[in-house]
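Participant: Quick one: the structure is below, questions incoming.
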DNA sequence: GAAATGTGTCAACATTGCTGACGTAAAGGG
DNA sequence: CCCTTTACGTCAGCAATGTTGACACATTTC
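Residue numbers (the working numbering), protein chains in the order written: chain A, 1 to 154; chain B, 1001 to 1154.
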């Protein structure tokens, strides 16, 4: 009953430590990483969408987002159809930092899969996604398909 | 290259949220949970061992540990052979809280394994452990076997 | 034109991490 | 038996990141 819980803790602890080392040399924290990561991965993301993914308040988000804007890791553009919406884009500098961190984290995955043999990768992906709440599982599920695809853990 | 990274983030986010809900009703935070969890799982754990597992400073640990002692979720006893060492034990109340949280987190695992079919559980355990740093993998490995077993992610 | 929406911001506060410095009790080596 | 080391506690201050609450502004929508 307990082995999995501990393994989850240790695996995530070490996984995040990979990122922390790189972030520290750039004077960024974990919160900056999370924001920059999703902006880099989903160009044109809006503030509201980012808040839903991260599950934090806009005040917490703005603090780190402003750091990223000031240091030109992220830029914003007003939405074309709705100019109230600010769409976020990573700059080449922002993309580069995300790629650097992703490289070491991917190396950790590759090392694990090399130990575990073929088939481990799709099994790991399936496992992690099965561990994640999906919006249709417990809620009313009234969202349109386009909305759902945006909310679903990608 | 990126799907796994995100999946790891989302899986852990939802996994921890299970615990947060219960902890909030007991006026404890995540830090209290981590301490109480390992004390409950490893009766007789010393301060130094706990610090190694959690990878935090003794000042950070003492803050939450004192809360747990004052509210009688944890008790201490001086070590028998070395009375400088304080050995930590969860009280029945402490064990009960850990069991309550473990129940909802285990339910999440069970739900995932039910979706994924037989074999998913050992694969998940193997995956998470392969993702975790082991003390012998990159360091000098001068520790005695007893020391190693204590350091190894259990 | 009024109301709702998306976003920014100020202020205050809680949790949880850190460093640095210092104290005390017990163990262990000469 | 002193003296050093070890294990631990504690005080003080600071940093990162989360929270609530309140208010402002531009834009869209009814």
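Note that CB positions come from ideal geometry on N, CA and C, so glycine has one too.
Please list the residues of the segment 1095-1106 of chain B that have a C-beta atom closer than 8 Å to any C-beta atom in chain A, keeping them in chain order.
Facilitator: 1102, 1105, 1106
Participant: Please classify residue 1142 of chain B: does DSSP put it in a helix, a strand, or coil?
Facilitator: Reliability of the predicted coordinates at residue 1142 of chain B is poor, the pLDDT of 36 falling under 50, and no value is obtained from them.
Participant: Given that a residue counts as buried once 16 or more other Cβ atoms are within 10 Å of its Cβ, and exposed if not, what is residue 1096 of chain B?
Facilitator: exposed
Participant: If I measure Cβ to Cβ from residue 101 of chain A and keep anything under 6 Å in the same chain, skipping five residues before and after, which residues do I get?
Facilitator: 19, 22
Participant: Could one say the Cβ of residue 1132 of chain B lies closer than 9 Å to chain A's Cβ atoms, at least one of them?
Facilitator: yes
Participant: In this structure, how does DSSP classify residue 12 of chain A when only helix, strand and coil are distinguished?
Facilitator: helix
Participant: Evaluate contact between the segment 126-133 of chain A and the segment 97-117 of chain A, counting only Cβ atoms and requiring at least three cross-stretch pairs below 8 Å.
Facilitator: no
Participant: May I ask you to report which of helix, strand or coil DSSP gives residue 78 of chain A?
Facilitator: strand
Participant: Quick check on this structure: which residue in A/79, A/33, A/17 has the alpha carbon closest to the alpha carbon of residue 47 of chain A?
Facilitator: A/79
Participant: Do residue 54 of chain A and residue 38 of chain A have their CB atoms nearer than 9 Å?
Facilitator: yes
Participant: Just to confirm the assignment, what range does the alpha helix (DSSP H) spanning residue 37 of chain A have?
Facilitator: Its alpha helix (DSSP H) spans residues 30-41.
Participant: Could you list which residues in chain B have their beta carbon closer than 9 Å to that of residue 60 of chain A, in chain order?
Facilitator: Neighbours of residue 60 of chain A on chain B: none; closest Cβ ~15 Å, over 9 Å.
Participant: Is residue 105 of chain A buried or exposed, if buried means 16 or more other CB atoms sit within 10 Å of its CB?
Facilitator: Burial call: buried.
Participant: Residues of chain B with CB closer than 7 Å to the CB of residue 3 of chain A, please, in chain order.
Facilitator: Within chain B, the residues near residue 3 of chain A are 1125.
Participant: Give the residues from the segment 26-54 of chain A that approach chain B closer than 7 Å (Cβ to any Cβ), ordered along the chain.
Facilitator: 41
Participant: How far does the beta strand (DSSP E) with residue 86 of chain A in it reach, from first residue to last?
Facilitator: 86-90
Participant: How long is the line joining the alpha carbons of residue 1067 of chain B and residue 85 of chain A, rounded to whole angstroms?
Facilitator: 44 Å
Participant: Between which two residues does the alpha helix (DSSP H) holding residue 1067 of chain B run?
Facilitator: Residue 1067 of chain B -> alpha helix (DSSP H) spans 1058-1070.
Participant: Going along chain B, which residues have a C-beta under 8 Å from residue 128 of chain A?
Facilitator: 1004, 1007, 1008, 1010, 1011
Participant: Could you check whether residue 44 of chain A and residue 73 of chain A sit closer than 9 Å to each other, using their CB atoms as the reference points?
Facilitator: no
Participant: What does DSSP give as the partner residues of residue 132 of chain A in its beta bridges?
Facilitator: Paired residues: none, contrary to the question.
Participant: Can you give me the Cβ contacts of residue 77 of chain A inside the same chain, cut-off strictly under 6 Å, excluding the 5 residues immediately before and after it?
Facilitator: 87
Participant: Taking the beta carbon of residue 120 of chain A as the centre, do at least 16 other beta carbons fall within 10 Å, making it buried, or is it exposed?
Facilitator: buried
Participant: Using CA coordinates, which residue listed in B/1006, B/1015, B/1005 is at the minimum distance from residue 7 of chain A?
Facilitator: B/1015
Participant: Against residue 1024 of chain B, what residues of chain A qualify as contacts under a CB-to-CB distance less than 9 Å, listed in chain order?
Facilitator: Neighbours of residue 1024 of chain B on chain A: none; closest Cβ ~14 Å, over 9 Å.
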